[in-house]
Amino acid sequence: MLWCRRIFKRHLESVWSPLALCYLSLSDSTELRDATLLSGLLSGPNRFVLISTKMTWTEAQSSCREHHTDLALVRNMEENQIVQSLNPIEVWIGLFRDPWKWSDGSDSSFRKWNPPEPRKPGGSSETCVAADFSADGRWETLDCKVKRCSCFKASGESEAGEKKLLSGSE
116 MLWCRRIFKR
126 HLESVWSPLA
136 LCYLSLSDST
146 ELRDATLLSG
156 LLSGPNRFVL
166 ISTKMTWTEA
176 QSSCREHHTD
186 LALVRNMEEN
196 QIVQSLNPIE
206 VWIGLFRDPW
216 KWSDGSDSSF
226 RKWNPPEPRK
236 PGGSSETCVA
246 ADFSADGRWE
256 TLDCKVKRCS
266 CFKASGESEA
276 GEKKLLSGSE
């Protein structure tokens, strides 16, 4: 058993360690707790981390940004499969609103909707996207206030400084 503080020992310098994959939970105080390192699951410079604590989309994004990263930005089928391999559950990703945009402001034409998606959740003004691993990693739209697990991308080259919080209500 390793501690996330040890795995991400350089996070105070705004640099995430490019070690394999860390499953973590955040306490109410968002202090990092113990985590298991699963080495060899992923290759390349990009790493995705699963947060098993259920949060709203905005809470999940805030949690990621406290650690100088963002919700998972799924820009191609390979990244979708990597996120899908984390756990067979539904997790928030960084796509929100309609017209669709990524939480870091970037653009990508890749989408993997689960028909009849995308659709606006009934009575909701906030629309966010979750990847549903029980549906072959396909995406669905949900009210941003629904609590789901979330996934973010940790790389060895995070930018220093604050990140602007974007939400479906802005």
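In my numbering, the protein residues as written are 116 to 285. Ideal placement from N, C-alpha and C gives every residue a C-beta, glycine not left out.
Burial of Arg180 is indicated by the presence of at least 16 other C-beta atoms within 10 angstroms of its C-beta.
The shortest CA-to-CA distance from Cys243 to any of Ala250, Val206, Pro231 is the one to Val206.
By a beta-carbon distance limit of 8 Å, Ser223 does not contact Leu186. Their separation comes to about 13 Å.
In the DSSP assignment, Asp258 is bridged to Thr242.
Burial check for Glu241: the Cβ neighbour count within 10 Å reaches 16 or more, so the residue is buried. Under the DSSP assignment, Val206 falls in the beta strand (DSSP E) whose first and last residues are 205-211. With fewer than 16 other Cβ atoms inside 10 Å of its own Cβ, Glu193 counts as exposed. Ranked by Cα distance from Asp213, the options Arg263, Thr256, Ala250, Ser178 are led by Thr256. For Arg253, the closest alpha carbon among the candidates Val261, Pro233, Ser265, Met170 is that of Pro233. Pairing Thr184 with Pro231, the inter-Cα distance amounts to about 31 Å.
Just so you know, the alpha carbons of Val189 and Trp172 end up roughly 16 Å apart.
By the C-beta density criterion, Asn191 is exposed, having fewer than 16 other C-beta atoms within 10 angstroms.
Lys169 is positioned such that its CB atom lies closer than 8 Å to that of Cys264. With respect to the 8 Å criterion, Phe248 and Gln199 are classified as neighbours on the basis of their beta carbons.
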